[in-house]
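**Q** Residue numbers (our numbering), protein chains in the order written: chain A, 10 to 530; chain B, 27 to 193.
A virtual CB, placed ideally from N, CA and C, is assigned to each residue, including glycine.
This is the structure, below, for whatever I ask next.
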Amino acid sequence: MIKVYVPRDSSALSMGAERTAKAIAAEAQKRGIEITLIRNGSRGLFWLEPMVEVETDKGRVAYAPVQPKDVTSLFDADFLNGLSSKAKSHALNLGLTEEISWLKKQQRLTFARVGITEPVSLEDYIAHDGYKGLKNALKLSGADIVKAVTDSGLRGRGGAAFPTGIKWKTVLDTPNEQKYIVCNADEGDSGTYSDRMIMEDDPFVLIEGMTIAGITVGATQGYIYLRSEYPHALKTLNEAITKAEKAGYLGDKICGSQFSFNLEVRRAAGAYICGEETSLLESLEGKRGQVRFKPPLPAIEGLFGKPTVVNNVISLATVPIILDKGAQFYADYGMGRSRGTLPIQLAGNLKQTGLVELAFGTTLRELLYDFGGGSATGRPIRAVQIGGPLGAYLPESQFDTPLDYEEFSKIWAVLGHGGIVAFDDTVDMAQMARYAFEFCAIESCGKCTPCRIGSARGVEVIDRIIEGKDHAKNIQLVRDLSDTMFNGSLCALGGMTPYPVLSAINHFGEDFGLEAKKVAA
Amino acid sequence: MKRQVLTALTTEILRENSNKITAHIAAHKIMPGALLPLLHAIQDDIGYVPEDAYLPISKALALSVAEVHGVVTFYHHFRRHPAGKHILQICRAESCQAMGSAKLETQVKKTLRIDYHETTPDGLITLLPIYCLGNCACSPAVMLDEEVYGRMDADKVAELISEARAA
């Protein structure tokens, strides 16, 4: 029976994949053709969703975007026989999926299986190199695994870019009967969706990564702190966890070893601040998500006061391939101190949005124009925000910056979680700066004054600038306020809100009533 | 007469809710860090977290009523009052702004004749802002109950609303 693939990823569903799948099944039945309908993850070419694929001798053939109204014509064109000349002549035929240059140019390591496999099929996962990393890890000591993760150069993909191996070593070296692995799946940054894709489209890779973390540091309990905005990820993860438990990959004596590891998904409740690791831990403990003072580090006193590894979804999901193919394999990708690959998420006003996994070092320009295809509206791209709502806005003059943690620091910007949001020339940057303060005010946990009060005052000062009231004085005031927030806030929410605000003023001064040429970059 | 019937109905609902809350507390009480999962269970079941639940929760989890209130009010997701039959959330984050969400939210508010955090007079829809649905590659996005919809415009949202009304 011919296999037909229609994604179940929630972005694909948001473009109507469910109706497309139903229409294909109904049409096949009507014509008396037997097909196997597989609900795979998304390949990440979101401007082409819903993308339907059909299996052939030469690999899968893609048709996109397929809406229910296209289904009859696809059957008429013998689309199930993807290599036939009739099928090739259909307007939606994109040829072999693997040959689509947008995909072919990528280096998919963390996302190797995403879009290819059926997300909750453990058999499919294993058939595509799944659990090879864990098998290797079970033969190694905790110290050896820490060494492999350290040597790979993997740094926290949540945004802070702290070396994962060092974090693990601290927990390994802190003796305690109870330790925890906590996955930060509170992906709240606008423009990011790679965590969601991993959880919905390849949940076992996250489970495997967390299990490896558990056996490494001696933790027997893991929690995935998942944002409440991701109901599909919740269902998928729970289904995958149940399957892994039944097959002996979770629970007592995993894979017949002496290690035990249990995993539970906990739902967040819509507070952006809970993406900050210490407020996340407070929230998991059942409290208000208020930021903790550091030290003590969570690695020493974390969840319920016990040593805790807190890692982002992508960091944990990258561990299996490092343990499978070796630290050097992973470290061979990248540039400078940014080793490996970064799953980049193209979002906002771009023609070709989606998931692009590449080694560090690609320039923003290549991503925006070669992959992104320029703006969706056809107007010039004027500003790009990278790294979520706390990331800087970059003007065109900085588009040649390579994606690298250190190179971004040099231009007072951050890579963060790899989300790229493009704006065309209709954007009003004064409004974006105002929004940055407004967002900070809405989401502030209230613990420290610079963030709690500063954000509210920031909105007011920007409003006065927009009105033109005491202009020079208020521009200076917003700079002073940003300085206080940058240096005086407890965590990154208040501390980084100055990035979008000041970058907007510095690079797009004309929107604030300043003459562009007089503004220092 | 009408008022008496209503009161009786309300009393019945409150009693039913109270029984549900008691059952959820019993099911969650021994969980480590039980409060958030418990509040989720209550809201999923009865649509909001009634203040009547604070006292039994605080007793079961050895917290003060103020602590329970503090947690319920800290998180945007928890509601202290019943919402409409459907919840429509419009993404206000940057990616959706880059694709015209500001215009979309103005139009939807106008169509529904309500502002954020309000419910239509017929009780059909509660409108809420949301900051990122993880659907940034298909901006602007909205979420109706548990489903996300991408590349939205005012007409498409109006269609979703009329489908919800017809259902």
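1. Please check the pair E62/A and S20/A, which I expect to be a contact at CB under 8 angstroms, by giving their CB distance rounded to whole angstroms.
2. Short check: CB of S266/A to CB of L131/A, under 8 angstroms?
3. Per the contact definition of three or more C-beta pairs closer than 8 angstroms, is the stretch 187-199 of chain A in contact with the stretch 295-314 of chain A?
4. Do Q69/B and F104/B have their beta-carbon atoms positioned less than 8 angstroms apart in this structure?
5. Write down every uninterrupted run of the beta strand (DSSP E) in the stretch 374-406 of chain A whose length is 3 residues or greater and which is fully enclosed by it, in chain order.
6. Can you give me the C-alpha to C-alpha distance between L499/A and T506/A, rounded to a whole angstrom?
7. Run through the stretch 276-343 of chain A for me and flag every whole alpha helix (DSSP H) of 4 or more residues, listed as ranges in chain order.
8. For A253/A, which residues of its own chain have a beta-carbon under 6 angstroms away from its beta-carbon, when the five flanking residues on both sides are left out?
9. By a C-beta neighbour count over all protein chains shown, 10 Å radius and 16 as the cutoff for buried, is N45/B buried or exposed?
10. Can you give the beta carbon distance from V274/A to L246/A, rounded, assuming they're within the 8 angstroms contact cut?
11. Please compile the residues from chain B whose C-beta is within a distance smaller than 9 angstroms of the C-beta of R297/A.
12. Just verifying my parser: in three-state terms, what is the DSSP assignment at S347/A?
13. Going along the chain, which residues of its own chain have a beta-carbon closer than 6 angstroms to the beta-carbon of G284/A, five neighbours each way excluded?
14. Cα-Cα, which of E131/B, G59/B, P147/B and T145/B is closest to Y234/A?
15. Report, in whole angstroms, the separation of the C-beta atoms of V80/A and I44/A, which I expect to be a contact under 8 angstroms.
16. Do you know how far the Cα of D18/A is from the Cα of K86/A?
17. Can you give the Cα-Cα distance for I109/A and V510/A, rounded to whole angstroms?
18. Note the first and the last residue of the continuous alpha helix (DSSP H) segment covering H143/B.
19. Could you work out which residue in T435/A, G396/A, V430/A and A442/A is closest to A422/A when comparing CA atoms only?
20. Per DSSP, R164/A forms a beta bridge with which residues?
21. Am I right that I514/A and A442/A are in contact with their C-beta atoms under 8 angstroms? What's the rounded C-beta distance?
22. Taking the Cβ atom as the reference point for each residue, do S453/A and R461/A lie within a distance shorter than 8 angstroms?
23. Could you compute how far the alpha carbon of Y508/A sits from the alpha carbon of R488/A?
24. Evaluate contact between the stretch 104-121 of chain B and the stretch 156-167 of chain B, counting only Cβ atoms and requiring at least three cross-stretch pairs below 8 angstroms.
25. Among the residues of its own chain, which have a CB less than 6 angstroms from the CB of K3/A, if the five just before and after it don't count?
26. Using a C-beta cutoff of 8 angstroms, does M24/A count as contacting chain B?
27. Suppose the cutoff is 6 angstroms on Cβ atoms and the five residues either side in sequence are ignored; what does the same chain contact list for T152/B look like?
28. So, helix, strand or coil for K553/A, using DSSP?
29. State buried or exposed for G168/A, treating a residue as buried only when at least 16 other CB atoms are found within 10 Å of its CB.
30. With H, G and I counted as helix, E and B as strand and the rest as coil, what does DSSP make of I47/A?
31. I think I484/A touches I475/A, with their Cβ atoms under 8 angstroms apart; what is that distance to the nearest whole Å?
32. With DSSP collapsed to three states, give me the class of L235/A.
33. Nearest by alpha-carbon distance to H107/B: which of G176/B, D78/B, L61/B and I156/B is it?
34. Of the choices Y142/B, I56/B, S90/B and H102/B, whose alpha-carbon is the least far from that of Y16/B?
35. Against S20/A, what residues of chain E qualify as contacts under a CB-to-CB distance less than 7 angstroms, listed in chain order?
36. Which residues, taken in chain order from the stretch 494-515 of chain A, show a beta carbon closer than 9 angstroms to some beta carbon of chain B?
**A** According to the data block:
1. Mapped onto the first sequence, residue 62/A falls at position 53. Mapped onto the first sequence, residue 20/A falls at position 11. Not a contact, Cβ separation roughly 16 angstroms.
2. Sequence index remark: in the first sequence, residue 266/A carries index 257 (1-based). Sequence index remark: in the first sequence, residue 131/A carries index 122 (1-based). Contact: no.
3. yes
4. For the purposes of this step, residue 104/B is taken as the residue at position 78 of the second sequence. For the purposes of this step, residue 69/B is taken as the residue at position 43 of the second sequence. A contact, by the Cβ cut-off of 8 angstroms.
5. 390-395 and 402-404
6. In the first sequence, the residue the question calls residue 499/A occupies position 490. In the first sequence, the residue the question calls residue 506/A occupies position 497. Cα to Cα, the separation comes out at about 12 angstroms.
7. 286-293, 322-334 and 336-340
8. Translated into positions along the first sequence, residue 253/A becomes position 244. Answer for A253/A: I216 and L259, listed in chain order.
9. Position 19 of the second sequence holds residue 45/B. N45/B should be labelled exposed.
10. The residue you call residue 274/A lines up with position 265 of the first sequence. The residue you call residue 246/A lines up with position 237 of the first sequence. 5 angstroms between Cβ atoms; contact.
11. In the first sequence, counting from the first residue as 1, residue 297/A sits at position 288. Neighbours of R297/A across chain B, judged by C-beta separation under 9 angstroms: E93, G96, V97, T99, F100 and Y101.
12. Along the first sequence, one-based indexing puts residue 347/A at 338. Here S347/A sits in strand by DSSP.
13. For the purposes of this step, residue 284/A is taken as residue 275 along the first sequence, with counting starting at 1. Taken in chain order, the residues that qualify are D195 and G197.
14. Here residue 234/A refers to the residue found at position 225 of the first sequence. Ranking E131/B, G59/B, P147/B and T145/B by Cα distance to Y234/A puts G59/B first.
15. In the first sequence, residue 80/A corresponds to position 71, counting from 1. In the first sequence, residue 44/A corresponds to position 35, counting from 1. The pair is not a contact, with the Cβ atoms about 12 angstroms apart (cut-off 8 angstroms).
16. Taking the first residue of the first sequence as 1, we reach residue 86/A at position 77. Taking the first residue of the first sequence as 1, we reach residue 18/A at position 9. According to the sequence as given, residue 86/A is Ala; it is not Lys. The alpha-carbon atoms of A86/A and D18/A are separated by roughly 27 angstroms.
17. Numbered from its first residue, the first sequence carries residue 109/A at position 100. Numbered from its first residue, the first sequence carries residue 510/A at position 501. Spanning the two alpha carbons is a distance of roughly 39 angstroms.
18. Locating residue 143/B in the second sequence gives position 117, counting from the first residue. First-last for H143/B: undefined, no H or E at that position.
19. For this step, residue 422/A is matched to residue 413 along the first sequence. Nearest option by C-alpha distance: G396/A.
20. Locating residue 164/A in the first sequence gives position 155, where the first residue counts as 1. Answer by DSSP bridge pairing, in chain order: P172/A.
21. Position 505 of the first sequence holds residue 514/A. Position 433 of the first sequence holds residue 442/A. The Cβ separation is near 7 angstroms, so the contact holds.
22. Within the first sequence, the letter at position 444 stands for residue 453/A. Within the first sequence, the letter at position 452 stands for residue 461/A. Taking 8 angstroms as the Cβ cut-off, S453/A and R461/A qualify as a contacting pair.
23. Position 499 of the first sequence, counted from the start, is the residue given in the question as residue 508/A. Position 479 of the first sequence, counted from the start, is the residue given in the question as residue 488/A. If I take the Cα positions, the gap works out to 11 angstroms.
24. yes
25. Since the first and last residues shown for chain A are 10 and 530, residue 3/A lies out of range.
26. Looking up residue 24/A in the first sequence gives position 15. It does; some Cβ of chain B falls within 8 angstroms.
27. Numbered from its first residue, the second sequence carries residue 152/B at position 126. Closer than 6 angstroms at the Cβ level, and outside the excluded window around T152/B, lie A109, G110, I113 and T145.
28. Past the edges of chain A, shown from 10 to 530, lies residue 553/A, and the structure says nothing about it.
29. Counting from one through the first sequence, the residue named residue 168/A turns up at place 159. It is buried - the Cβ of G168/A has at least 16 other Cβ atoms within 10 Å.
30. On the first sequence, residue 47/A is found 38 positions in, with the first residue counted as 1. Residue state, collapsed to three classes: strand.
31. Your numbering for residue 484/A matches position 475 in the first sequence. Your numbering for residue 475/A matches position 466 in the first sequence. The Cβ separation is near 11 angstroms, so there is no contact.
32. Within the first sequence, residue 235/A is the residue found at index 226, counting from 1. Here L235/A sits in strand by DSSP.
33. Here residue 107/B is taken as the residue at index 81 of the second sequence, counted from 1. When only C-alpha atoms are compared, the closest one is D78/B.
34. For chain B, the structure presents residues 27 to 193; residue 16/B sits outside this window and is missing.
35. The chain inventory of the structure shown lacks chain E, comprising the protein chains A and B.
36. P509
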